[in-house]
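Colleague:
Numbering (UniProt numbering), first residue to last: 1 to 296.
Here is the structure:
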């Protein structure tokens, strides 16, 4: 009985914190997306015109690729429209556009990511591929994952696995074909070098950093499945800005409606509750848990 009362109190407290920190509409996310595309297009145009060294443009575009996933992530959770259900239509087009430079597909990623939330760290978690040592991640699982982005057969299978409707599957596969046609067209037009330097290399590096900081480090060692222990809070100097809030990944898993720029303030409100629940509040590097699954 006491446990039931405590659980009910915890749920009410979380709901109250969610109400306080979920905005009417997440304008900063739209500003972030627009600003990122402006920087990307400007750097690319200047590099193509010879007004900016292509290496510098590549570095700028790497930062663009890394940061742009935040916009996709917010759209997937309908966290842009937030409380404004009459603006729910905004999330999908914003997400679709932001997916293009990342070689992601909105309908597929939305379903996959929601399964990740429902099955975090379990064997059928779509992100369980990250489980294992850091070296194994860097030199095997991460490169293999990046290469799989370009496998249409795997994409088709995953559309079935994650329960996409027939319409969503058609849109996803048509989008893959359109992306591929664009790449082939640019190479055929003589822009292969520029494509590699201004998109593919930035994509590979940016996605590598993003997947490491948003998939491997928040959940490592991918062994716990409890609600307050299946991911963590990572606090270190400058981390909130550099990770666009994802150092507070546990906050996102607990209250997905809260946008990235309010994770830190939400954590401050929730910290006493999280500490009572034994949440993982750590520094930059995840601490090993000997009770979790063995590394490999």
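Even for Gly, the Cβ is constructed at its ideal location relative to N, Cα and C.
Determine the contact status of residue 261 and residue 239, defining contact as a CB-CB distance below 9 Å.
Modeller: Result no, Cβ atoms of residue 261 and residue 239 do not sit closer than 9 Å.
Colleague: Do residue 206 and residue 62 have their CB atoms nearer than 9 Å?
Modeller: yes
Colleague: Excluding the 5 residues flanking residue 231 on each side, which residues of the same chain have their C-beta closer than 6 Å to its C-beta?
Modeller: When the five nearest sequence neighbours on each side are left out, the beta carbons in the same chain lying within less than 6 Å of the beta carbon of residue 231 are those of 218, 219, 249, 250 and 253, in order along the chain.
Colleague: Decide if the stretch 35 to 47 is in contact with the stretch 269 to 289; the criterion is three or more beta carbon pairs, one per stretch, under 8 Å apart.
Modeller: no
Colleague: Roughly how many angstroms separate the alpha carbons of residue 180 and residue 173, rounded to a whole number?
Modeller: Roughly 11 Å separates the two Cα atoms.
Colleague: May I have the straight-line CA-CA distance separating residue 227 from residue 101, to the nearest angstrom?
Modeller: 33 Å
Colleague: Rounding to the nearest angstrom, what Cα-Cα distance links residue 184 and residue 177 in this structure?
Modeller: 10 Å
Colleague: What are the boundary residues of the beta strand (DSSP E) that includes residue 233?
Modeller: Note, residue 233: beta strand (DSSP E), 232 to 234.
Colleague: Taking all protein chains shown into account, decide if residue 9 is buried (16 or more other Cβ within 10 angstroms of its Cβ) or exposed.
Modeller: Exposed, because fewer than 16 other Cβ atoms sit within 10 Å of the Cβ of residue 9.
Colleague: Would you decide whether residue 297 is buried or exposed? Buried here means 16 or more other CB atoms lie within 10 Å of its CB.
Modeller: Residue 297 falls outside the range modelled here, since the chain spans only 1 to 296, and no answer is possible.
Colleague: Short of 7 Å in beta carbon distance, which residues of its chain neighbour residue 74, apart from the five on each side in sequence? Order them along the chain.
Modeller: 26, 29, 80, 259 and 260
Colleague: Give me the residue from 84, 35 and 78 with the minimum Cα distance to residue 65.
Modeller: 35
Colleague: On the criterion of 16 or more Cβ atoms from any shown chain inside 10 Å, does residue 285 qualify as buried, or is it exposed?
Modeller: exposed
Colleague: Considering only DSSP beta bridges, list what residue 19 is partnered with.
Modeller: Answer is none; residue 19 lacks a bridge partner.
Colleague: Could you tell me whether the stretch 196 to 214 touches the stretch 42 to 60, where touching means 3 or more Cβ pairs closer than 8 Å?
Modeller: yes
Colleague: Distance, Cα to Cα, residue 105 vs residue 158?
Modeller: 12 Å
Colleague: Would you call residue 138 buried or exposed, if buried means 16 or more other Cβ atoms sit within 10 Å of its Cβ?
Modeller: exposed
Colleague: Along the chain, where does the beta strand (DSSP E) that runs through residue 280 open and close?
Modeller: 280 to 282
Colleague: Going along the chain, which residues of its own chain have a beta-carbon closer than 6 Å to the beta-carbon of residue 149, five neighbours each way excluded?
Modeller: Counting only Cβ-Cβ distances below 6 Å, and skipping sequence neighbours, we find 103.
Colleague: May I ask which residues mark the beginning and end of the alpha helix (DSSP H) holding residue 37?
Modeller: Counting along the chain, residue 37 sits inside the alpha helix (DSSP H) bounded by residues 27 to 48.
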